[in-house]
Amino acid sequence: MTTETYTIVLADDHTMIREGIRSMLVNELHHTVVAQASNGRETITLVQQHKPEIVLIDITMPELNGIEATRHIVHEFPDIKVIALSMHADKGIVSEMLNAGASGYLLKDSSASELEQAIQTVMRGKMYITGEITDVVVRGYLHKNESNHDDVVPELTPREKEIIQLIAEGKATKEIAALLHVSVSTVDTHRQHIMEKLHLHSVADIVKFAIRKGLTSVEK
Numbered sequence: 000m001t002t003e004t005y006t007i008v009l010a011d012d013h014t015m016i017r018e019g020i021r022s023m024l025v026n027e028l029h030h031t032v033v034a035q036a037s038n039g040r041e042t043i044t045l046v047q048q049h050k051p052e053i054v055l056i057d058i059t060m061p062e063l064n065g066i067e068a069t070r071h072i073v074h075e076f077p078d079i080k081v082i083a084l085s086m087h088a089d090k091g092i093v094s095e096m097l098n099a100g101a102s103g104y105l106l107k108d109s110s111a112s113e114l115e116q117a118i119q120t121v122m123r124g125k126m127y128i129t130g131e132i133t134d135v136v137v138r139g140y141l142h143k144n145e146s147n148h149d150d151v152v153p154e155l156t157p158r159e160k161e162i163i164q165l166i167a168e169g170k171a172t173k174e175i176a177a178l179l180h181v182s183v184s185t186v187d188t189h190r191q192h193i194m195e196k197l198h199l200h201s202v203a204d205i206v207k208f209a210i211r212k213g214l215t216s217v218e219k
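First residue of the sequence shown? That's 0 in my numbering, and the numbers climb one at a time after it.
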């Protein structure tokens with residue numbers, strides 16, 4: 000049976016991994032990779048420029064992670080399908096990505112045939128979650144009301160999550176203000192709200208929180 004081919008924006012901050020996936024998409028699966036990005040902000044810009052049918056996106060990327068980039072993309076272009084391609088099988092990260100609007104979730108060791116299956120499935124309007132993740136997601140929903148109260152985190156706004164990531168990546172207040180096109184005082188206010196919400200007391204605490212929640216590409 001002949002399968003449809005699609006236009007794709009591919010996002011991953013590791014060049015060798017990105018090139019390997021691009022080669023698989025183009026040479027084995029015969030899709031068209033219209034652009035490649037190495038961070039979340041660049042991904043959004045390239046999606047706005049090229050308007051692909053699919054975005055294949057890593058989660059832990061610099062400047063803006065894949066979860067928040069997906070939220071932006073799906074809000075602005077609801078017809079574009081986003082598939083996460085990640086090393087993370089953590090229940091919290093998977094749930095965050097799906098809640099952000101992703102239509103599919105694959106691990107980076109997935110085969111070409113599974114990648115193709117995911118692409119064709121989401122383009123038919125269905126969700127595709129790799130088998131290794133399905134059990135994690137189902138158990139998460141079954142036990143969502145049994146979670147430990149200590150794990151409950153106050154709701155953060157998308158902007159607060161962006162600022163947490165940028166702080167964790169070592170960006171100074173002025174750099175964050177320039178990247179987000181806001182004033183330094185606005186960044187300071189957001190940081191204060193973040194620390195109050197999360198009961199954190201230092202920048203080091205913010206970095207630890209960002210790593211724990213998968214909001215940054217900074218290594219543990």
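A virtual CB, placed ideally from N, CA and C, is assigned to each residue, including glycine.
Just so we're clear, the structure is a prediction, and the values are computed from it rather than from any experiment.
Taking all protein chains shown into account, do 16 or more other C-beta atoms lie within 10 angstroms of the C-beta of residue i, making it buried, or fewer, making it exposed?
| i | result |
| --- | --- |
| D204 | exposed |
| P77 | exposed |
| G39 | buried |
| T129 | buried |
| D149 | Here the model assigns D149 a pLDDT of 44, short of 50, so the residue's position is not dependable and the matter cannot be decided. |
| T110 | Per the sequence presented here, residue 110 reads as Ser, with Thr not at that position. Under this definition S110 is an exposed residue. |
| A99 | buried |
| G169 | exposed |
| M60 | buried |
| Q164 | buried |
| V81 | buried |
Please name the residue or residues paired with residue i in a DSSP beta bridge.
| i | result |
| --- | --- |
| Q35 | L9 |
| V81 | V54 |
| I128 | Y104 |
Hey, quick one: how far does the alpha helix (DSSP H) through residue i stretch, first residue to last?
| i | result |
| --- | --- |
| S94 | 90-99 |
| V206 | 202-211 |
| E195 | 183-197 |
| K173 | 172-179 |
| M15 | 14-22 |
| H74 | 65-75 |
| T4 | Neither: T4 is in no alpha helix (DSSP H) and is coded neither H nor E. |
| R158 | 157-167 |
Any heavy atom of the ligand SAH closer than 7 Å to the Cβ of residue i?
| i | result |
| --- | --- |
| Q48 | Because no ligand of any kind appears in the structure shown, any question about the ligand SAH cannot be addressed here. |
Meets three-Cβ-pair contact criterion under 8 Å: the stretch 66-82 and the stretch 22-33: These segments do not touch.
Contact between the stretch 188-201 and the stretch 150-169 (3+ Cβ pairs under 8 Å): Result yes; three or more Cβ-Cβ pairs closer than 8 Å.
Cβ pair count under 8 Å reaching 3, the stretch 44-60 against the stretch 83-103: The count of Cβ pairs closer than 8 Å, one atom from the stretch 44-60 and one from the stretch 83-103, reaches three, so the stretches are in contact.
Contact between the stretch 88-98 and the stretch 14-23 (3+ Cβ pairs under 8 Å): A contact between stretches requires three or more CB pairs, one per stretch, nearer than 8 Å, and the stretch 88-98 fails this requirement with the stretch 14-23.
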